[in-house]
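Protein chains in written order, with this note's numbering: chain A, 6 to 432; chain B, 24 to 250.
C-beta: ideal position from N, C-alpha, C; glycine also.
So the structure is just underneath, and the comments pick up after that.
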Amino acid sequence: MFLVPSITARLGWLRRSSSLRLSLLLSAIFAVGFAVAIYVALTLGQRAIERRVDTTLGALAQAAIVDDRREDSAAMILRRRDDLAGLPAPFARAVARGGGTIYLDDDLMRSERWRVSVAQDARGTPVMVAVPLDDSERAQELLSETLWTTAAIVIAGTLAIGLGAGLLAQRRLARINDTLGRLAMGDLTARTSTSRTRDDLDDIAAQLDLTAAELERLVTQTRHLSASIAHDLRTPLARLRAQLEGVPEGAERDAALDEAARLSDIFDTIMRVARIEAQHGREGFKAVPLDALASDLGETFGPVVEDGGKTLDLNIGSCATIQGDQGMLVQALANLIQNAIVHGGQRITLFAHGRTIGVSDNGAGVDPSQFAEIIKPMVRLDTARTTQGSGLGLALVKAVADRHGARLILARQDPQGLSVALEFAQL
Amino acid sequence: MRILLLEDDGQLGPWIANGLREEGHVVDHFENGKDALMAAMGQEFDLLILDRMVPDLDGLAVLKSLRASRDTTPALFLSALGEVDSRIEGFDAGGDDYLTKPFAFAELSARVSALGRRRDAGDTRHANDTTLRHGDLSLDLLARRCQRGGQTIDLMAKEFKLLEYFMRRPGRLVTRTMLLEQVWDMSFDPTTSVVETHISRLRAKIDKPFETAMLRTRRGEGYVFGA
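Here it is in structure tokens:
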């Protein structure tokens, strides 16, 4: 069950392996080169042998005096040109052509292949000389076998080296790939740790490890810094709270406690935005069905909105399931609902369709020219600061959107009002 | 209860220690992790309250060492690090609860008693019950039905969860933050009055039509069910 996909994945990898592709190409070039070279060598070799044989035959004929006596032997047939009786028909045809190589259907003196030459003997009589070629043929075959075997070994060797290099590179590339994946998932301790051959792949791996180490150092530093800030700020806040609890009960104490709580809330939000912005990868992500998220929020905040004298409508269509941090998304949408309760109109709508989820209201809205402004931290359009809030709400929503690679869409409602939505990217 | 407190702040440490002593607990207060770990290894405590950032050995490391030696004493983290990832670290280290500074003493006290009762197997008492009962109020967890004095009460899903949480902790102080964390799974304060609103809806259903109230508010501290 588990093996099959892994083999398929491996094969898929191999198909894309550059070294294997290169070795396939080289093998093909070698094969063509070998074929041409072998063909040329064999053809030329045969012709050279034939020429050599013809020269020898001519010389033999000239050295002999051929009479009516036949001197056929397994090594040579030498006859007058007009006395070819008893020889198979191909001899006569070869003589008619003026010589050449013939192939016999049946052995003649244990030879199938003969070289036939027409010459003159010592007295100038036209004669036919023929010798069997089986020995040279065997030599040719041996040569051809040797050449083809060598070619096959070289090509197989090239392919094997290509496959081996491909597999080796694949192992390292897979490691680099895996490391990149783990870094993307938020595991900053991931390293390729390959350094044996010091080739180009190892250089890339080493650079990747260096970059990852730097990233880890920076993130750790940021975490330490934010931890120190949190400690240095929350400890005095905690002391303040402790002191206030020691003060005798009364309206002033309650007011002071409220202020302390607000201070602490503002700080919490700043820290939360900083923490969200410092996070990376898909750390803490799970499958979040947007419709379920919206209806859950509707149930939690519906009564709150009603008690605030407004109505919360749910507009939930068919929704996608996205990968995200549920806690963060709840926080972002709770902020949007809170904003709508404080600044928006009477009717608040929580909507979710496809890969989009957001909140709209029918209040005064915000001028589109100010959209870019309101997502900046600490900016509140209400300059008199009469309403409550730290002005961090949308900055947090923006941070959550960025963390999820989602688009934060601000739009004006028709006829009036503001709509703020998160649109998650298609995976 | 015998409580080990690890808190290095010169002001908060005594404040917590004295507050807990006033409630009748015995408190051993340490200002650095090493001493606290030595003490926790050598003696029996009913509860550990650990600050995360203290000299020598931080609270997280102290608890990890204890859990590694199979010590199951309930532990509550106190920390200036309140973000989700820090909380997760705390729970992963074996912490049973996590309280972010600054906090009200009542909040700490409610959590201390909750953890103390967990130690006394208080929580497992109702863990397997499919119907929770208190007086004439009953909550059928399987049929998801709520009844009081023979009348069936229609509850929304969140109200049901809220009531279940209370009914599992009769007579105990439950704070707003505890409810946000446990019922809504929110480790942040949504600034809107989520808890107050849902409590008031729940009351309108389970208390208002009847003579006695089950759910009471303890001003500035939280809520108590069935006290």
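For B/G105, the nearest candidate out of B/D152, B/T96 and B/M209 (CA to CA)
Per the C-alpha coordinates, the member of B/D152, B/T96 and B/M209 positioned closest to B/G105 is B/M209.
Pull up the distance between the alpha-carbon of A/A243 and that of B/I176, whole angstroms please.
When rounded, the distance between both Cα atoms is 42 Å.
Measuring only the C-alpha atoms, how far is A/R280 from B/G36?
Going from the Cα of A/R280 to the Cα of B/G36 covers about 28 Å.
Could you check whether A/S122 and A/M114 sit closer than 9 Å to each other, using their CB atoms as the reference points?
Against a cut-off of 9 Å, the Cβ pair of A/S122 and A/M114 comes out as no contact.
Residue ranges of each beta strand (DSSP E) within the stretch 299–384 of chain A, 3 or longer
List check, beta strand (DSSP E) in window: 316–324, 326–329, 352–359 and 361–366.
How is A/P294 classed by DSSP in three states: helix, strand or coil?
Three-state result, A/P294: strand.
In whole angstroms, give me the CA-to-CA distance for A/I271 and B/S109.
Spanning the alpha carbons of A/I271 and B/S109 requires a straight line of approximately 19 Å.
Should B/M201 go down as buried or exposed, given a rule of 16 or more other Cβ atoms within 10 Å for buried?
Only buried fits B/M201, as 16 or more other CB atoms lie within 10 angstroms of its CB.
Where the alpha helix (DSSP H) containing A/M133 begins and where it ends
For A/M133, no alpha helix (DSSP H) encloses it; the enclosing beta strand (DSSP E) starts and ends at P131 to P137.
Backbone secondary structure at B/S210 - three-state DSSP
In the structure shown, B/S210 falls within a coil segment according to DSSP collapsed to helix, strand and coil.
9 Å Cβ cutoff met for A/L220 and A/L185
Judged by beta-carbon spacing, A/L185 lies beyond the 9 Å limit of A/L220, meaning their Cβ atoms are not closer than that value.
Identify every run of the beta strand (DSSP E) within the stretch 49–103 of chain A, keeping only runs that are complete inside it and at least 3 residues long; order them along the chain.
Within the stretch 49–103 of chain A, the runs of beta strand (DSSP E) that reach at least 3 residues and sit entirely inside it are, in chain order, 82–85.
Exposure of B/M61, with buried meaning 16 or more beta-carbon neighbours within 10 Å
Exposed is the call here.
Tell me whether B/G173 sits in a helix, a strand or coil according to DSSP, three-state version.
It is coil, neither helix nor strand.
Relative to the C-alpha of A/D330, which residue among A/A299, A/E288 and A/Q343 is closest?
Comparing Cα-Cα distances from A/D330 to each of A/A299, A/E288 and A/Q343, the minimum goes to A/E288.
Using a C-beta cutoff of 9 Å, does B/P213 count as contacting chain A?
Put simply, the CB of B/P213 is near chain A, with a gap under 9 Å to one of its CB atoms.
Note the first and the last residue of the continuous beta strand (DSSP E) segment covering A/Q125.
Taken as a continuous stretch (DSSP letters only), the beta strand (DSSP E) holding A/Q125 covers S116 to Q125.
How about the stretch 156–172 of chain B and the stretch 223–240 of chain B: do they share at least three Cβ pairs that are nearer than 8 Å?
A contact exists between the stretch 156–172 of chain B and the stretch 223–240 of chain B.
On the three-pair Cβ rule with 8 Å, is the stretch 258–274 of chain A touching the stretch 162–179 of chain A?
The stretch 258–274 of chain A vs the stretch 162–179 of chain A: no contact.
Is it right to say A/S433 is buried, meaning 16 or more other beta carbons lie within 10 angstroms of its own, or is it exposed?
The displayed coordinates of chain A run from 6 to 432. Any statement about residue 433 of chain A would go beyond what the structure contains.
B/V217 versus chain A: which residues are under 9 Å apart at the beta carbon?
Neighbours of B/V217 on chain A, chain order: T305, F306, P308, V309 and A339.
What does B/S210 touch in chain A if you count any residue whose Cβ is under 8 Å from its own?
Simply G332.
Would you call A/T240 buried or exposed, if buried means 16 or more other Cβ atoms sit within 10 Å of its Cβ?
Counting Cβ neighbours within 10 Å, A/T240 comes out buried, since at least 16 surround it.
Would you grab the beta carbon distance between A/A135 and A/I54 for me? Rounded to a whole angstrom, and I think it's under 8 Å.
Wrong, their Cβ atoms sit about 15 Å apart, outside the cutoff.
Opening and closing residue of the beta strand (DSSP E) in which A/R417 lies:
Per DSSP, A/R417 is one residue of the beta strand (DSSP E) stretching across R412 to R417.
Between which two residues does the beta strand (DSSP E) holding B/D163 run?
B/D163: member of the beta strand (DSSP E) spanning L160 to D163, first to last residue.
Using 10 angstroms around the beta-carbon of B/A59, count the other beta-carbons present and answer buried if the total reaches 16, otherwise exposed.
By the neighbour-count rule (16 or more Cβ atoms within 10 Å), B/A59 is buried.
Indicate the three-state DSSP secondary structure (helix, strand or coil) for B/L29 in the structure shown.
Here B/L29 sits in strand by DSSP.
Pop quiz: A/L152 and A/A46 are said to be a contact at Cβ under 8 Å. What is the actual Cβ separation, rounded to whole angstroms?
Confirmed, about 7 Å.
Per DSSP, cross-strand counterpart(s) of B/L101
B/L101 has B/D74 and B/L122 as its beta-bridge partners, per DSSP.
Is A/L355 closer than 9 Å to A/L317 when the C-beta atoms are compared?
Closer than 9 Å, so yes.
Please return the same chain residues whose Cβ sits closer than 7 Å to the Cβ of B/E112, not counting the five positions on each side in sequence.
The answer, listed in chain order, is L83.
Please classify B/Y246 as buried or exposed, where buried requires at least 16 other C-beta atoms within 10 Å of its C-beta.
Result: buried.
My assumption, with CB atoms under 8 Å, is that A/Q145 sits in contact with A/Q51. Please give the rounded CB distance.
With a Cβ gap of about 6 Å, A/Q145 and A/Q51 count as contacting.
Backbone CA spacing between B/D51 and A/I327 [nearest angstrom]:
Each residue's alpha carbon lies about 49 Å from the other.
Compare the C-beta of A/Q248 against all C-beta atoms of chain B and say whether one is closer than 9 Å.
At least one chain B Cβ lies under 9 Å of A/Q248.
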